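Residue numbers (numbering that gives the first Met the number 0): 0 to 741.
We put the CB at the ideal spot given by N, CA and C, even for glycine.
Just so you know, these numbers come straight off a predicted model, no measurement behind them.
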Amino acid sequence: MAAFIRAAVFLFAFIFTICAQVNVTTYQYDATRAGANTSEVTLNRANVNVDRFGKLFSYPVDGAIYGQPLYVANVAVPGAGTHNIVYVATENDSVYAFDADSGASGAPLWQDTFANAGAQIIAVPAADTGCEQIAPEIGITSTPVIDTASGTIFVVAMTREASGNSVEYVHRLHALDLATGAEKGVVAIEATYPGRGEGGSTLIFNARSYKQRPGLLLLNGVVYTAWSSHCDIGRYHGWLIGYDSHTLAQVAVYNNTPNGNMGSFWNGGAAPAADASGNIYVVAGNGTFDNGGDLGESYIKLSTSNGFSVADYFTPYNYSFLNDTDADVGSAGVVLIGDEAGSAAHPHLMTGAGKEGRIYLLDRDNMGKLQQGSDSQIVQSIPGALTAMFGNPAYFNHTVYYCGAGNRLAAYTISNAQMSSAPISQSDASFRYPCNVPTISANGTANAIVWALDPAAGLRAWDASDLTRELWNAGQNPERDSAGATVKYSVPTVANGKVYAGTADSLAVYGLLGPDGAPAVSSAASGDVGSLAPGALVSIYSSGSALTASTDTASSFPIPFQLGGATVSIGGRPAPILFASPGQLNVQVPFDVPPGNAVIEVSVNGNVTATTSFNILSSAPGVFMLAQGRAAVVNQNGSVNSGDQPAPGSSVIAAYCTGLGTVGPAIGTGQAAPDSPLSWVTGQVTAMIGSTPAQVQFAGLAPGFAGLYQVNILVPQLAAGQYALTITVDGKVSNIGTIAVD
Numbered sequence: 000m001a002a003f004i005r006a007a008v009f010l011f012a013f014i015f016t017i018c019a020q021v022n023v024t025t026y027q028y029d030a031t032r033a034g035a036n037t038s039e040v041t042l043n044r045a046n047v048n049v050d051r052f053g054k055l056f057s058y059p060v061d062g063a064i065y066g067q068p069l070y071v072a073n074v075a076v077p078g079a080g081t082h083n084i085v086y087v088a089t090e091n092d093s094v095y096a097f098d099a100d101s102g103a104s105g106a107p108l109w110q111d112t113f114a115n116a117g118a119q120i121i122a123v124p125a126a127d128t129g130c131e132q133i134a135p136e137i138g139i140t141s142t143p144v145i146d147t148a149s150g151t152i153f154v155v156a157m158t159r160e161a162s163g164n165s166v167e168y169v170h171r172l173h174a175l176d177l178a179t180g181a182e183k184g185v186v187a188i189e190a191t192y193p194g195r196g197e198g199g200s201t202l203i204f205n206a207r208s209y210k211q212r213p214g215l216l217l218l219n220g221v222v223y224t225a226w227s228s229h230c231d232i233g234r235y236h237g238w239l240i241g242y243d244s245h246t247l248a249q250v251a252v253y254n255n256t257p258n259g260n261m262g263s264f265w266n267g268g269a270a271p272a273a274d275a276s277g278n279i280y281v282v283a284g285n286g287t288f289d290n291g292g293d294l295g296e297s298y299i300k301l302s303t304s305n306g307f308s309v310a311d312y313f314t315p316y317n318y319s320f321l322n323d324t325d326a327d328v329g330s331a332g333v334v335l336i337g338d339e340a341g342s343a344a345h346p347h348l349m350t351g352a353g354k355e356g357r358i359y360l361l362d363r364d365n366m367g368k369l370q371q372g373s374d375s376q377i378v379q380s381i382p383g384a385l386t387a388m389f390g391n392p393a394y395f396n397h398t399v400y401y402c403g404a405g406n407r408l409a410a411y412t413i414s415n416a417q418m419s420s421a422p423i424s425q426s427d428a429s430f431r432y433p434c435n436v437p438t439i440s441a442n443g444t445a446n447a448i449v450w451a452l453d454p455a456a457g458l459r460a461w462d463a464s465d466l467t468r469e470l471w472n473a474g475q476n477p478e479r480d481s482a483g484a485t486v487k488y489s490v491p492t493v494a495n496g497k498v499y500a501g502t503a504d505s506l507a508v509y510g511l512l513g514p515d516g517a518p519a520v521s522s523a524a525s526g527d528v529g530s531l532a533p534g535a536l537v538s539i540y541s542s543g544s545a546l547t548a549s550t551d552t553a554s555s556f557p558i559p560f561q562l563g564g565a566t567v568s569i570g571g572r573p574a575p576i577l578f579a580s581p582g583q584l585n586v587q588v589p590f591d592v593p594p595g596n597a598v599i600e601v602s603v604n605g606n607v608t609a610t611t612s613f614n615i616l617s618s619a620p621g622v623f624m625l626a627q628g629r630a631a632v633v634n635q636n637g638s639v640n641s642g643d644q645p646a647p648g649s650s651v652i653a654a655y656c657t658g659l660g661t662v663g664p665a666i667g668t669g670q671a672a673p674d675s676p677l678s679w680v681t682g683q684v685t686a687m688i689g690s691t692p693a694q695v696q697f698a699g700l701a702p703g704f705a706g707l708y709q710v711n712i713l714v715p716q717l718a719a720g721q722y723a724l725t726i727t728v729d730g731k732v733s734n735i736g737t738i739a740v741d
C-alpha cells in the first residue's frame with residue numbers, strides 16, 4: 000500500500016494540474032500541427048448538443064481575427080488577480096488579452112495597438128498592395144506563438160508609416176509580456192540572401208511585397224517567421240527568417256527560390272511544422288523549380304542544426320502543370336503523423352494536399368525529391384481524393400481529416416503507413432469555399448470531437464469516429480449561438496471545456512450551458528455531467544460569469560470550505576474547495592448529501608454568483624485519466640502504469656477514482672482518509688480488464704487524500720497488450736481507461 004500511496008501523491012497533483020491548466024501556445028496545439036487537444040475532459044459527445052452547449056459570451060475587437068486564439072491558464076495580472084487568458088490579434092494591428100472564462104466586463108485585461116493614426120502609423124490598406132485577399136487592411140495576420148517559460152507572446156505586425164511625402168512599409172516582430180502586454184523587445188524584419196533572382200547577386204527582403212501569413216513557430220529558442228506574397232504580384236520568394244526568442248537577434252535566413260521567382264510560403268495560414276530532431280517542414284507555392292537549387296512547388300525539410308540547410312524535399316512529378324494552372328501545393332500546410340500509424344519501412348510520416356486535391360503521404364526520412372512521370376517514389380499519392388485544399392488537415396488516432404473547397408469534411412484511416420484511398424466517413428453537409436480547417440478535442444482517445452468553422456453556419460461539431468453524426472452547430476439555435484461572419488482558413492481553439500472562435504469583428508466563446516446560464520457541473524475524473532455522488536470530487540465550470548475573482552489551490556487538510564474568496568454549498572451543506580479560479584472550482588460533494596435533487600450554490604463574500612441543481616446518486620464511479628486515454632493506475636512496484644511500464648499478470652494494481660459513494664468507517668468531508676483503519680466503499684465494487692472480470696482486493700478512500708478513491712485489483716493472466724479498465728459500483732459503470740498488461 001505504501002508504494003501506491005507515494006505514486007498517488009504524484010498522480011493526484013498531476014490530475015488536478017491537467018484539469019485546470021491546459022495551455023494552447025501555438026497553431027493547432029503543437030509543432031506537429033496535428034490539431035488535436037487530447038486532454039479535454041469536459042466536452043464530450045454526450046454533452047455537446049443544442050440543449051447543453053452553446054455560446055456563452057463574446058468580446059468585440061477592432062478588426063478581423065485571422066490567427067488561431069491562444070490560451071494560457073493562471074496568469075497573474077498586476078492589479079487584476081489571476082486569470083485564465085485567451086489571446087487574439089487583429090488585422091488592425093491590435094493584440095488582446097481576455098479573461099477566458101467570463102465575459103461579464105466585456106473589456107480586455109490588456110490591449111496593445113501598434114497603429115497610431117495621429118502619428119500616421121496605420122495597418123496597411125489592402126489597396127496599397129493591389130490585392131484584396133485580406134481586406135480592408137493588413138495588420139497582424141498570422142497566429143502568434145507563446146513562450147510560457149519566459150511569459151512572452153510573439154506577434155508580427157505590418158504597418159504603413161508616413162512622414163511628409165514619404166511612406167514606408169514595415170513588418171516588426173514584437174515580444175510582449177503575457178501578463179501586461181508590455182513591450183519586451185521589438186525588431187524590424189529585414190533580410191538579404193545570396194542569389195540572382197532579382198538581377199544582381201543578392202536578394203533583399205522588401206517589406207511591402209510580403210505578408211506574414213503562416214503562423215509563427217517557436218523551436219529550440221528561435222521564433223521562425225514565414226512569408227508570402229500579395230496575390231502573386233511582382234517578384235517575390237519564399238522566405239523563412241528566424242530570431243532568437245530572448246534577444247530578437249536574427250539567427251537564420253532561408254530563401255527557396257534564390258535564382259528564380261515566386262515559391263512563397265502561405266499555406267492557408269498553417270504554421271510550419273517541426274519534429275523532435277529540430278527539422279522544419281514548409282510547403283512552397285507556385286514558383287521556380289530546378290532540381291534542388293530553387294524549390295518552388297515543393298515540400299521542403301530544413302535542418303536547423305547550424306542555421307538553415309535543405310535536408311530533403313519532395314516535388315510532384317507534374318509541378319509544371321501545377322504552376323501553369325495555379326494549382327499549387329502551397330495552399331495548405333502539413334501534418335506530422337504519429338509513429339503509431341507508420342510501418343517498419345516508413346515510421347515517420349507526414350501528409351498534405353494542395354489545390355489539385357491530390358493527397359500526399361510522405362516519409363519524413365526519405366521524402367522522394369523529384370521523379371519524372373509519376374510520384375511512385377513516395378509512400379502514397381491519392382489523385383482526385385479532394386477538391387482544392389486550403390489551410391491544414393488534422394490527424395488523430397489513425398485518422399486524417401481533410402476538407403476540400405465546396406466539399407464535405409472527410410475522414411481517411413491510416414495504418415501501417417497506408418491511407419485509405421476513399422473516406423471512411425464524411426459529413427452530410429458540404430461546405431462552400433474554402434471549406435474548413437478541422438481541429439479535434441478528446442480525452443485521450445475517448446470522446447473525440449471534430450470542430451470547425453463553417454463559412455456559412457459558423458462553429459460546428461461532429462463525432463470524430465463517424466462524421467455522418469453531427470453533434471451540434473451554431474445554426475441550430477442561431478439567435479443564441481451565432482458569432483457573425485467567419486474568417487477564411489481560421490481555426491477554433493478548444494481548451495478546458497470551452498471553444499474559442501475568432502471572427503471578422505469579435506471573439507466568440509462557447510461552452511456548456513447550465514439552465515438559464517447556470518454553471519456546468521461534471522465529475523472531476525470522467526467529465527460525466529450525468530450525476531454526482533456523496534464524497535465525489537466534481538468540477539464546476541462558469542457559464543459566462545466569473546465564479547470567483549482569484550485563483551488559489553488548497554494546500555493542507557482539512558480541505559477549506561472557503562478558497563479564492565468563494566464558498567460552495569451542495570444540498571445546503573458546505574463543500575470543501577480544492578481549487579478555485581474565475582472559470583472553474585474543484586470541490587468535494589459532502590458525504591451527508593442524500594440522493595435526489597440538490598441545489599449547488601456558489602458565493603463570493605456572501606453574494607451568490609452562480610446556482611444550479613443536480614441529481615445526486617448513491618454512486619457515480621469515474622476513473623481518473625492521464626494523457627492519451629490512459630487510466631490513472633499505479634503498478635504494484637509503485638510505477639505509473641503505461642506502455643513502457645505494464646502490469647504483470649497476477650500483480651496488484653491501484654486504480655484511482657472518485658464517486659464510489661459512502662464509506663465505512665465514515666470520514667468527515669474534506670478530511671484526509673487514514674491508513675488505519677481503512678475506509679471501505681459500502682457498495683459492491685467490481686472491475687473488468689478487457690472482457691475479463693478482475694478480483695477487487697480493496698475499494699475505499701485512498702489514505703492521505705480527500706475524495707480520492709483507490710481500487711486495488713488483481714490483474715488476470717492475459718496476453719501482453721493494452722486493455723480497457725472499468726469499475727462498477729452497484730451496477731453503475733465508470734468511464735473507460737486504458738491500462739497496459741505484460
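Item, Value
"CB contact check: V567 to chain D, cutoff 8 Å", "Checking the listed chains, one finds no chain D in this structure; it contains a single protein chain."
"Where E478 sits in the DSSP three-state scheme", "helix"
"Between the CA atoms of Q670 and V732 - distance to the nearest angstrom", "26 Å"
"Within 8 Å, strictly: CB atoms of Q211 and T492", "no"
"First through last residue of the alpha helix (DSSP H) which encompasses F97", "Not the alpha helix (DSSP H): F97 falls in the beta strand (DSSP E), residues S93 to D98."
"Integer-rounded CB distance, given that V94 should sit under 8 Å from G180", "7 Å"
"For R363 and K300, believed in contact at Cβ under 8 Å, the rounded distance", "7 Å"
"Proximity winner among R159, T608 and G214, relative to E600 (alpha-carbon distances)", "T608"
"C-alpha gap between T142 and G403, whole angstroms", "22 Å"
"Where G736 falls, given that 16 or more other Cβ within 10 Å makes a residue buried", "buried"
"G129 versus A72 - alpha carbon distance", "41 Å"
"Range of the contiguous alpha helix (DSSP H) that encloses N46", "Premise fails: N46 is in no alpha helix (DSSP H) and is neither H nor E."
"Candidates V250, A441, A672 and N258, of which the one nearest S200 by Cα", "N258"
"Simplified DSSP state of A739, which is helix, strand or coil", "strand"
"Reduced DSSP secondary structure (H/G/I, E/B, other) of T725", "strand"
"Start-end ranges of the beta strand (DSSP E) lying completely within the segment 194-224, minimum 3 residues", "201-203 and 216-218"
"Residue environment, D527, which counts as buried when at least 16 other CB atoms sit within 10 Å", "buried"
"Top-ranked residue by Cα proximity to A786, from G443, Y432, T485 and N446", "For residue 786 there is no data in the structure shown, the boundaries of the chain being 0 and 741."
"For S319, the nearest candidate out of I152, T303, E355 and L700 (CA to CA)", "E355"
"Three CB pairs or more closer than 8 Å across the segment 416-429 and the segment 328-348", "yes"
"Rounded straight-line distance, which links the Cα of A507 to that of G742", "Within the shown structure, residues of the chain are numbered from 0 to 741, placing residue 742 beyond reach of any answer."
"Reference T467, options A517, R479, L408 and T444, closest by Cα", "L408"
"Whole runs of the beta strand (DSSP E) within the segment 687-724, excluding any shorter than 3 residues", "691-693, 695-700 and 708-713"
"Distance, D741 Cα to S638 Cα", "14 Å"
"Bounding residues of the alpha helix (DSSP H) (the contiguous stretch that carries Y318)", "Y318 to D323"
"Segments assigned beta strand (DSSP E), at least 3 residues, entirely inside the segment 88-170", "93-98, 109-112, 144-146 and 151-162"
"Nonlocal neighbours in the same chain, by C-beta distance under 6 Å from G570, ignoring five residues either side", "V592 and A597"
"Distance between L625 and F704 (C-alpha atoms, nearest Å)", "18 Å"
"Collapsed DSSP secondary structure at A352 in the structure displayed", "strand"
"Residue(s) in a DSSP beta bridge with S505", "P59"
"Pairwise C-alpha distance: Q119 and E791", "The requested residue 791 is not part of the displayed model; the chain covers only 0 to 741."
"Cα-Cα separation, L458 to R479", "13 Å"
"Run of the beta strand (DSSP E) containing S414, from where it starts to where it stops", "R407 to S414"
"For L321 and D327, believed in contact at Cβ under 8 Å, the rounded distance", "6 Å"
"Same chain, Cβ closer than 7 Å to E90, neighbours up to 5 away in sequence not counted", "G62, A63, Y65, A122, I133, E136, I137, G138, I139 and T140"
"Span separating the alpha-carbon of V662 from that of A535", "12 Å"
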